[in-house]
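So the sequence lines, in the order shown, correspond to chains A and B.
Here the first sequence is numbered in my numbering, starting from 9 and rising by one per residue.
Here the second sequence is numbered in my numbering, starting from 154 and rising by one per residue.
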Amino acid sequence: MASKLFQTLVVSSSLLLSSGCAAVVRADEPDAESDVALADASSSDRALSAPDASAQPDASAMDATVRDSGALVDASHRDARRREAGWPTTKGSFCEFPEVGPSFCCSTTGNGWEHGTGCCIPDPDDDQRCVACVLDPETRTCDPNAVDAAVSP
Amino acid sequence: MTAAHPSLSPAGRWNGRVTSRPLPDPAESLRGLSLAERALLANIWLSQSATERRVADAFAVVHRALVALDADAGLIETAARAVDDEHRHAELCRLVASQYAGKSLPHPPLLPFAHPTHPSASSDRVRQCLYVLGQCAFNETFASAYLEAALACATVTYAKSAIRELLSDEIDHSRVGWAFAATMPQRERAEVQSWLLDLAICNLREWRAIALPSVSNPVVLRHGVPAKDKVEAALLSVIDAVMIPGFERFGFAVDELRHWRAQGAPTE
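Below is the structure:
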């Protein structure tokens, strides 16, 4: 399954390129020539071929540069980087697990906020409304009290 | 932030339609479900509608980053279309939720949107590169792995059709990241290299935080909601088979990623 994804996601990614690699390579960059060559090669048969590995930046040269730059990044900086939240996922949490969030809080007007299964679907006939909870990144719990401040109307 | 619930663009992937082809009649797929099961599945899909909507805002950020980087026009165009794609996904999920609920459901509430800001990046250009890789090469690749796992467990035709629609778009969104990795300017590569492991950790942590059934629920399983252990296996597998070889293919050193993965890919 995953090896098929490699072909689909990585190898075929060149399908998206309209002008090969040249578009993002500056003339003053050391690998400009090799990338232009890659652009020429890929434009001739873009739909069928992945970027030519020989046209990629020299990995050994990269390694040396990276080792240098890596030495500048001390452990505390790296720890801070890794504690940062990632990009929001496309997959929802479920109302039956409201403690994890992000989730939804339901309210019957006048009765306050309440978590619970089924709260994602307000019943207008019962004067219910549904709002997003705000995830507390430290406790990873939902805070319904922060909803009004954080959610755009 | 993009508009809350804009009309789908006629210039979008399917000329303004929600799906590439009509979804099958749901009647057969819904037969035999109890009211409680239908409510649960409606909840799941409506929750996903909200999170898909939020990712439209993420792609607006990616699009701006690619424009600022003067990236390949094909990538900029795909990222712009991805904003519309995610609005379509939100609408698709709402429509599926409505079928399970047996009535037309309103749009779910807007979820607050925030994204990594990478304050210690040495320049705006590096930061923009990290946005593209973080959202596309990491987050959307994890999303593709999740959807593959969902598709593998689903047996209900209606749910499978909806998941396939989502997966086909996520593949393109992930490709933006990989094509960008292949074409990234040399001057940003060295610093971005030092962030790869950090991006992997931050984004995997988000996927691991998704609430999923800890044991297989046969009903939700049939309707495309995989159990937590299956999702974990899919996420780890995609690191091994896509992310590490993908970055290596495009000239990045992957020793740190391999070492982290060999330790079980810890995120805490």
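Every residue gets a Cβ at the ideal spot worked out from N, C-alpha and C, and that includes glycine.
Q: Check whether the Cβ of Ser84 (chain A) lies closer than 7 Å to any Cβ atom in chain B.
A: no
(Q) Could you tell me the alpha carbon to alpha carbon distance between Val171 (chain B) and Val18 (chain A), rounded to whole angstroms? (A) 26 Å
Q: Quick one: measure Cβ to Cβ for Ala332 (chain B) and Ser84 (chain A), integer angstroms, because I've assumed they're closer than 8 Å.
A: Their Cβ separation, rounded to whole angstroms, is 34 Å, which puts Ala332 (chain B) and Ser84 (chain A) out of contact at 8 Å.
Q | Proximity to Pro177 (chain B) [Cα-Cα], best of B:Leu374, B:Val391, B:Glu318, B:Ser327 | A | B:Glu318
(Q) So, at 8 Å on beta carbons, what are the nonlocal neighbours of Leu410 (chain B) in its own chain, with the 5 sequence-adjacent residues on each side left out? (A) Leu349, Leu350, Ala353, Ile392, Met396, Ile397, Phe400
Q) With distances taken from CA atoms, which of B:Arg328, B:Ile197, B:Ala296, B:Val378 is nearest Tyr253 (chain B)? A) B:Ile197
Q) Rounded to a whole number of angstroms, what is the C-alpha to C-alpha distance between Pro175 (chain B) and Arg206 (chain B)? A) 21 Å
**Q.** Alpha-carbon spacing of Asn274 (chain B) relative to Ser251 (chain B), whole angstroms
**A.** A small correction: the amino acid at residue 274 (chain B) is Ala; Asn does not occupy that position in the sequence shown. For Ala274 (chain B) and Ser251 (chain B), the distance between alpha carbons rounds to 44 Å.
Q. Which one of B:Leu228, B:Gln346, B:Ala386 has the shortest CA to CA distance from Leu357 (chain B)?
A. B:Ala386
**Q.** Sequence-distant residues of the same chain with beta carbon closer than 8 Å to Ala334 (chain B), five excluded per side
**A.** Leu286, Ala290, Gly399, Phe400, Phe403, Phe405
(Q) Within 7 Å of any Cβ in chain A, is that where the Cβ of Asn292 (chain B) sits? (A) yes
Q) What does Gly399 (chain B) touch in chain A if you count any residue whose Cβ is under 8 Å from its own? A) Phe14, Leu17, Val18
Q: Under 8 Å between beta-carbons, which chain A residues line up against Ile324 (chain B)? List them in chain order, please.
A: Thr16, Leu17
Q) Rounded C-beta distance between Ala203 (chain B) and Pro262 (chain B)? I'm assuming under 8 Å. A) 7 Å
**Q.** Cβ pair count under 8 Å reaching 3, the segment 274-284 of chain B against the segment 339-349 of chain B
**A.** yes
Q: Determine contact between the segment 210-224 of chain B and the segment 300-309 of chain B, defined as no fewer than three beta-carbon pairs at a distance below 8 Å.
A: no
Q) For chain A, is any of its Cβ atoms less than 7 Å away from the one on Asn370 (chain B)? A) no
Q) Would DSSP call Trp348 (chain B) helix, strand or coil? A) coil
Q. To the nearest angstrom, how far is it from the Cα of Pro272 (chain B) to the Cα of Arg234 (chain B)?
A. 28 Å
(Q) Could you tell me the alpha carbon to alpha carbon distance between Phe295 (chain B) and Thr97 (chain A), rounded to whole angstroms? (A) 9 Å
Q. Would a check of beta-carbon distances place Ile354 (chain B) closer than 7 Å to chain A?
A. yes
Q. Which term fits Arg91 (chain A), buried or exposed, when burial requires 16 or more other beta carbons within 10 angstroms of its beta carbon?
A. exposed
Q: Please list the partners that Trp348 (chain B) has in chain A, where partner means a Cβ-to-Cβ separation under 8 Å.
A: Arg89
Q: Would you list, in chain order, the members of the segment 295-312 of chain B that have their beta-carbon closer than 8 Å to a beta-carbon of chain A?
A: Phe295, Ala296, Ser297, Ala298, Tyr299, Glu301, Ala305
(Q) Tell me the DSSP secondary structure of Gln281 (chain B) in three-state form. (A) helix
Q | Where Pro269 (chain B) meets chain A, residues with beta-carbon distance less than 8 Å | A | Glu92, Ala93, Gly94, Trp95
Q: Using a Cβ-Cβ cut-off of 7 Å, state whether Leu221 (chain B) counts as contacting chain A.
A: Residue identity differs from the one stated: residue 221 (chain B) is Ala in this sequence, not Leu. No, no contact with chain A.
Q. Looking at the unbroken alpha helix (DSSP H) that takes in Ile324 (chain B), where does it start and where does it end?
A. 310-336
Q | alpha helix (DSSP H) segment containing Ala213 (chain B), residue limits | A | 188-221
Q: Please classify Ser327 (chain B): is it buried, with 16 or more other beta-carbons within 10 angstroms of its beta-carbon, or exposed?
A: buried
Q: Output the distance between the C-alpha atoms of Asp382 (chain B) and Leu365 (chain B), rounded to the nearest integer angstrom.
A: 9 Å
Q) Are the Cβ atoms of Glu181 (chain B) and Val372 (chain B) separated by less than 7 Å? A) no
Q. Would the beta-carbon of Lys383 (chain B) be found less than 6 Å away from any heavy atom of the ligand ZN?
A. This structure lacks the ligand ZN, and indeed carries no ligand of any kind.
Q. Out of curiosity, what's the CA-to-CA distance linking His376 (chain B) and Val249 (chain B)?
A. 11 Å
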